[in-house]
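First residue of the sequence shown? That's 1 in the UniProt record's numbering, and the numbers climb one at a time after it. Below is one structure, written out as C-alpha cells; comments come after it.
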Amino acid sequence: MCPLLLAQSHDPESQLKYYNQVLRDAEASSLDINLEVVGKGKGVVASRNIDEGVTVFTERPLVNLQHLDNHASAIVCQACLRYVGSIELQIGHKLRSLVDQLRGAEQGGAHAESGGSAGDTEDEVDLDGALEAGERLEQIYAHVTPERIAELCSGAVTLPLTDGFRLPKPMPCRRGCGALYCSAACEAEAWEHSHCLLCTGTRTSSSPLVELKAEPFWEHARETNEIFLLAAQVVVSTLLRAARLLAGSSSGAAGPSDAYRSALLAAWQPYMYGWKRCWWDSVAVPDDVDDEEEFRTQLKSLASDSLELLSAAISDPRFGPELLQLEVYGSIVGMFELNNMGLSVPSPVEDYFLAVDEMEEGAEKQAVLQITQPLLDALDSEYASPCESTAFLALQSCINHSCDPNCTAVCDTGDRTVTVLAQRDIAAGEEITLSYIDVTLPYKERQAALRDYGFVCRCTRCVADAAAARSKRQGGAAKGFKVGRRR
Ligand SMILES: [Zn+2]
Ligand SMILES: [Zn+2]
Ligand SMILES: [Zn+2]
1 MCPLLLAQSH
11 DPESQLKYYN
21 QVLRDAEASS
31 LDINLEVVGK
41 GKGVVASRNI
51 DEGVTVFTER
61 PLVNLQHLDN
71 HASAIVCQAC
81 LRYVGSIELQ
91 IGHKLRSLVD
101 QLRGAEQGGA
111 HAESGGSAGD
121 TEDEVDLDGA
131 LEAGERLEQI
141 YAHVTPERIA
151 ELCSGAVTLP
161 LTDGFRLPKP
171 MPCRRGCGAL
181 YCSAACEAEA
191 WEHSHCLLCT
201 GTRTSSSPLV
211 ELKAEPFWEH
221 ARETNEIFLL
231 AAQVVVSTLL
241 RAARLLAGSS
251 SGAAGPSDAY
261 RSALLAAWQP
271 YMYGWKRCWW
281 DSVAVPDDVD
291 DEEEFRTQLK
301 SLASDSLELL
311 SAAISDPRFG
321 PELLQLEVYG
331 SIVGMFELNN
341 MGLSVPSPVE
351 DYFLAVDEME
361 EGAEKQAVLQ
371 ITQPLLDALD
381 SEYASPCEST
391 AFLALQSCIN
401 HSCDPNCTAV
411 CDTGDRTVTV
421 LAQRDIAAGE
431 EITLSYIDVT
441 LPYKERQAAL
451 RDYGFVCRCT
461 RCVADAAAAR
471 SKRQGGAAKG
481 FKVGRRR
C-alpha cells in the first residue's frame, strides 16, 4: 500500500499550482517550471531572455543544517548561519577544537601502538596520523599557549582592530541544549519550527526535570548519518504546522479525521514533489562494497532505527501516524541526498586577518602583527575555513545540474536567503542550470562525483569531453571534432 503522503506526489495539476506559487514567492518572473524536461524529469526554464549578472530569484531555505563536523570551525546561529560571539571567540574556538581533535588523533595512534597487533595496515595508518597530529600540535603550541586559547574563548582579551568586526551576542536555546542563535527572533523561530521537539534539553544535571527525549535520536544520527537530523526537522515542522492548521480550523480533533489529513497534506506540500526514491534504493553503492543487497538492507535498517527513535522522542496526541512511516522517512532522506544544496558562508576571521594584512606598512601595523601573527601561524589554513551547511530549497531543488551552468547561487546570511544569478546571457526557453559539484574537475571525476546524485551527466561539456576521449582512443578517427567551450 502506498502511504497517503507519497500517493499524492505525482498529480501534475496540484504540482504546477504549488510551483507557480513558489515562483511568485521567489519573485521569479522570468522563469517557468517544466515538469517534463527531456530525460531529466522536472526542470526550470527561462520564460524570457535573462541578461548576464541579473538576479534570477531569491528564496529562503525550508530547512538547513550546519554540518556536524563543521561545528569545530565556526560558531554560527543555528537558524540563519550568521557568525556569533566575537572574532576573539571564533579564533579561540577554532584553536581549541583543533587542539582537541589533534589530541584525539594522537591518542588514537598511541592506543594502536600499545594494542600490539603489529602489521595491521589500519594501525599503521593510525600511527602516521598520530605522528602528523603530534607535529601539528607542536606547531600550534610554538605560537600560542593553552592559556592564550582559554582567554580568547572566555572573552578576557580584546584583539586589535576587532571593532570593525562586531558579531551578534550568542543567544542560547531556552532549554540550554547548547544550540546558539544570533537573536531572540532566530531562537524563537527555530523553537517553533521544530526545535521545541528536537531539543535535547539541558546537558547539565542542574535541572533534572527536563527530559532528554530526543537525545537517543541525536546520538544515533551523530554516529550514523547527520542527514537524519535534517529529515527530523522536516517531519517535526510538518507535524507542527499541520497541528496549527487544524487548531485554526473549525474541526478540532486530531487523529485520522479528514480535516487532519488535509491539514497534514497542506503542511507536507513543500516536500511532496521533491520526493524521488527511498534513500536505501537510490544512493550509489560505494566502490568498496561487494554485496549491494546487504548494503541497501543495512541502510534501510539504519533509517528504521532512526525513525523509531524519532517517533519515541516526538510522540504527541496531536499527530497521526501518516508521516511517521518508514517509506515516507526514507523518501525524505533520499530527497536530501539527491536535491540538497551545500551552503558555504565565509568566515569573518578570514576577513579580519585580511584587514590586518591590508594595513599600511609602519609601526602601527608591526604592533598589530606582533599580536595577530602568532594566532595566524597557529591556525594555519584553518584561519579561512568557512561555515559549511546543507539546505533544502523549494525552487533551487528543481534546477538541474550542468558542468557548464548558466547560473550560480550565493548565500546571504543577513536576510537568510539564497540568490541565484545568471552568469551569462540566457535565452528564453533555455533551461536554467546550476552545478552540484566542482566544475573545475576533469570529466571522469565529475561523473564520479555526480554518481552520488544518481545520474550520468549528459550536459554539452560532458558530451564533448566524452567524444574527445573516444576519438583519442580511436587514434584520432574523429579528427577535427571541436571540443566544447572551456574557460
Ligand atoms: Zn540567526
Ligand atoms: Zn535546545
Ligand atoms: Zn556534465
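Beta carbons are placed, not taken as given, at the ideal position from N, Cα and C, and that holds for glycine.
Apart from the 5 residues on each side of it in sequence, residue 396 sits with its Cβ closer than 8 Å to the Cβ of 59, 341, 409, 418, 420, 434 in its chain, given in chain order. A residue is called buried once 16 or more other Cβ atoms fall within 10 Å of its Cβ, and residue 128, having fewer, is exposed. Taking 7 Å as the cut-off, the beta carbon of residue 384 is found no closer than this to the beta carbon of residue 358.
In the DSSP annotation of this structure, the continuous segment of the alpha helix (DSSP H) that includes residue 293 starts and ends at 292 to 313. Judged by pairs of C-beta atoms under 8 Å, the segment 289 to 306 does not touch the segment 365 to 373, as fewer than three such pairs exist.
Look at residue 33 here: in three-state DSSP terms it is strand. Nearest neighbour of residue 43 by Cα position, chosen from 470, 455, 431, turns out to be 431. With contacts defined by Cβ atoms closer than 7 Å, residue 200 and residue 214 form a contacting pair.
Here DSSP, grouped into helix, strand and coil, assigns residue 421 to strand. For residue 463, the three-state secondary structure derived from DSSP is helix. The alpha helix (DSSP H) runs lying completely inside the segment 150 to 218 and spanning 4 residues or more are 184 to 190, given in chain order. By the Cβ-count criterion, residue 142 is exposed, with fewer than 16 other Cβ atoms from all chains shown falling within 10 Å of its own Cβ. Its Cα nearest to that of residue 388, the residue 69 stands out among 69, 45, 297, 63. Per the CB criterion, closer than 6 Å to any heavy atom of ligand 2, the qualifying residues run in chain order as 173, 175, 177, 179, 195, 199.
Annotation: the continuous beta strand (DSSP E) that includes residue 45 extends over 41 to 46. Comparing alpha-carbon positions, the option among 264, 229, 234 lying closest to residue 245 turns out to be 264.
For the 7 Å CB-CB criterion, residue 160 and residue 393 do not form a contact.
Look at residue 392 here: in three-state DSSP terms it is strand. Neighbourhood of ligand 3, defined by CB distance below 5 Å to any of its heavy atoms: 403, 457, 459, 462, in chain order.
Judged by DSSP in its simplified three-state form, residue 107 adopts helix. The closest CA to that of residue 195, considering only 169, 64, 75, is found on 64. Note that the C-beta distance between residue 88 and residue 35 is not below 7 Å. In this structure, ligand 1 has no non-hydrogen atom nearer than 6 Å to the beta-carbon of residue 387. Taking a contact as a CB-CB distance under 8 Å, the pair residue 261 and residue 280 does not count as one, their CB atoms being some 27 Å apart. The beta carbon of residue 146 sits closer than 8 Å to the beta carbons of 99 from its chain, once the five residues preceding and following it are set aside; these are given in chain order. Going by DSSP, residue 339 is part of the alpha helix (DSSP H) stretching over 326 to 339.
In the three-state DSSP reduction, residue 235 falls in the helix class (H, G or I). Per DSSP, reduced to three states, the secondary structure at residue 50 is strand.
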